[in-house]
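**Q** Here it is: the structure, laid out below.
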Amino acid sequence: MSALGYNDWARLHRIANSEFDVRLRQILPEWWGASTPCAEWDIYDLVNHVVTESLWVPVLLAGHHPDSVGGLDGDIIEGDPLDVWEDARSDAMTAVEAASSNAEVFLSTGTTDRQRTVDMAVHSWDLGRALAGDEDLDPELVEGVAGFVWPIATRFAEGSLQFEPSLPAESTDSKWNSVLRILGRDPD
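Structure, rendered in structure tokens:
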């Protein structure tokens, strides 16, 4: 896949949201406390994180700096997590679709229109792993995420982009498994 433009990333964002949504709908009530590949999070915490990040998308795409906005943290999914997710996901996707390609997004790690999609993809995998379910992601999404992650792998290795420090690559790794290792996940 050649260099991706904003519209390509907006499409990949939709795909990543769909990947997460499919897995979220598989969660049974007794599974919310199950562990995930993120050592500090159970399934509830992981979903809460993704929903919180989804709520931030419209705010950030409107040009607000994270330090200037409060109230988008804590236990966001209390009550009915699926309802909260559906609203947050819909608003995030609408904001991404409506944003211009030159929208400036302020993040603690800099500005990017891709980090959200990478985060959604890896957390879709995290949720699939936690559920002992489908861990395979859409090939186009994997290709796009790999194309973003590989060129800046050293920044991930340092743990400087809000993921766990990278793990050593295996010679037998698939494209997605190598991305997971760069993002601090053990696919084995």
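For any residue, its number in the working numbering is found by taking its place in the sequence shown, counting from 1, and adding 19.
Beta carbons: idealized from backbone N, C-alpha and C, even for Gly.
The structure displayed is predicted, hence computed values, not measured ones.
What does Ser54 pair with, by DSSP beta-bridge criteria?
**A** According to DSSP, Ser54 bridges with Asp61.
**Q** Is Ala172 near the ligand FAD, in the sense that its beta carbon is under 6 Å from a heavy atom of that ligand?
**A** As far as ligands go, the structure on display features none, and thus does not contain the ligand FAD.
**Q** Could you check how far apart the C-beta atoms of Ala149 and Ala53 are, in whole angstroms? I think they sit under 8 Å.
**A** Yes, they are in contact, since the Cβ atoms of Ala149 and Ala53 sit about 6 Å apart, within 8 Å.
**Q** With DSSP collapsed to three states, give me the class of Gly82.
**A** Three-state DSSP puts Gly82 in coil, outside helix and strand.
**Q** Pick from Ser109, Ala114, Glu116, Val164: whose alpha carbon is nearest that of Thr136?
**A** Nearest of Ser109, Ala114, Glu116, Val164 to Thr136, Cα basis: Val164.
**Q** Give me the Cα-Cα distance between Val103 and Lys194, rounded to the nearest whole angstrom.
**A** Near 33 Å, if we compare the C-alpha coordinates of Lys194 and Val103.
**Q** Quick one: Cα of Ser143 to Cα of His83, how far?
**A** If I take the Cα positions, the gap works out to 27 Å.
**Q** Measure the C-alpha to C-alpha separation of Leu156 and Glu72 and round it to an integer number of angstroms.
**A** Taking the straight line joining both Cα atoms gives about 20 Å.
**Q** Looking at Pro77: is its Cβ nearer than 7 Å to the Cβ of Asp40?
**A** It is not a contact, given that the beta carbons lie outside the stated cut-off.
**Q** Please work out which residues of its chain come closer than 7 Å, Cβ to Cβ, to Pro167, disregarding the five sequence neighbours upstream and downstream, and give them in chain order.
**A** The sequence given here has Phe at residue 167, not Pro. Counting only Cβ-Cβ distances below 7 Å, and skipping sequence neighbours, we find Arg133, Val137.
**Q** Using the beta-carbon count (16 or more within 10 Å), is Leu74 buried or exposed?
**A** Classification of Leu74: buried, given that the 10 Å Cβ count is 16 or more.
**Q** Applying the 10 Å Cβ sphere with the 16-neighbour rule, what's the burial state of Glu38?
**A** With 16 or more other Cβ atoms within 10 Å, it is buried.
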